[in-house]
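Asker: In the UniProt record's numbering, the protein residues as written are 1 to 149.
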Amino acid sequence: MQRDLTAPYVDDGLIEVVGFRDAWHGLVLLAPNGHGTRLAQAHRIRFEFHKGAAEHTFMRIDGEPWKQPLPKEDDTVVVEISHLRQVVMLASDPCKSKSINDPSSPCHPHDDDDSNSLEDEDEWEDGRKKFGAAATFKIPDEVDIAHLS
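#1: Determine the burial state of S82: buried for a count of at least 16 other Cβ atoms within 10 Å of its Cβ, exposed for fewer.
#2: Between T57 and L70, what straight-line distance do the alpha-carbon atoms span, to the nearest angstrom?
#3: Between which residues of its own chain and P65 is the CB-CB distance below 6 Å, once the five residues before and five after are set aside?
#4: Within 10 angstroms of its Cβ, does I45 collect 16 or more other Cβ (buried), or is it exposed?
#5: Confirm, please, whether the CB-CB distance from V18 to F49 is below 8 Å.
#6: So E48 is in the beta strand (DSSP E); what residue range does that whole segment cover?
#7: At the level of alpha carbons, what is the spacing between D102 and Y9?
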């Protein structure tokens, strides 16, 4: 099936919908270069689950898994996921994530636009690659990160 999917970027505002044949297929994510089947891209997605043979389904967003209970009667369980705001992301070298605003990303959409190019020293700060608003990220002094869970 032909799909018009664009290259995935961490800061493009799109949600990547990836499918797995079964739970064992989902385990490939734990392996290097493991991935599921890209099904769609969207700014928002809504799942409606109805009663079926299964009591729950497994879902995952931003690498965080959760076990979603499914309806037992004639109810409907609705899960809606959307992009709320820009999220700060810090990445260390070598980072596989691609940024739509990073000219060093493979398949960069602005390859012909030299006005957005950054020098290598501007892309890396204290051994971390900057994406989006990462340059403005600062943990407030009153926050003790040793006590965060």
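Note that beta-carbon positions come from the ideal geometry of N, C-alpha and C, so glycine has one too. Keep in mind that this is a model prediction, so the values were computed, not measured.
Answerer: Per the coordinate set shown:
#1: Counting from one through the sequence shown, the residue named residue 82 turns up at place 82. Per the 10 Å Cβ criterion, exposed.
#2: The residue labelled residue 57 in the question sits at position 57 within the sequence shown. The residue labelled residue 70 in the question sits at position 70 within the sequence shown. Across the structure, T57 and L70 are spaced so that their CA atoms are roughly 7 Å apart.
#3: Position 65 of the sequence shown holds residue 65. Excluding its 5 nearest sequence neighbours in each direction, P65 has no C-beta neighbour in its own chain below 6 Å.
#4: Here residue 45 is taken as the residue at index 45 of the sequence shown, counted from 1. I45 is exposed by the Cβ-count criterion.
#5: Within the sequence shown, numbered from 1, the residue matching residue 49 stands at position 49. Within the sequence shown, numbered from 1, the residue matching residue 18 stands at position 18. For F49 and V18, no; Cβs fall outside 8 Å.
#6: For the purposes of this step, residue 48 is identified with residue 48 of the sequence shown, where counting begins at 1. Counting along the chain, the beta strand (DSSP E) containing E48 begins and ends at R44 to H50.
#7: Residue numbering aside, residue 102 sits at position 102 when the sequence shown is read from its first letter. Residue numbering aside, residue 9 sits at position 9 when the sequence shown is read from its first letter. Straight-line Cα distance between these residues: approximately 10 Å.
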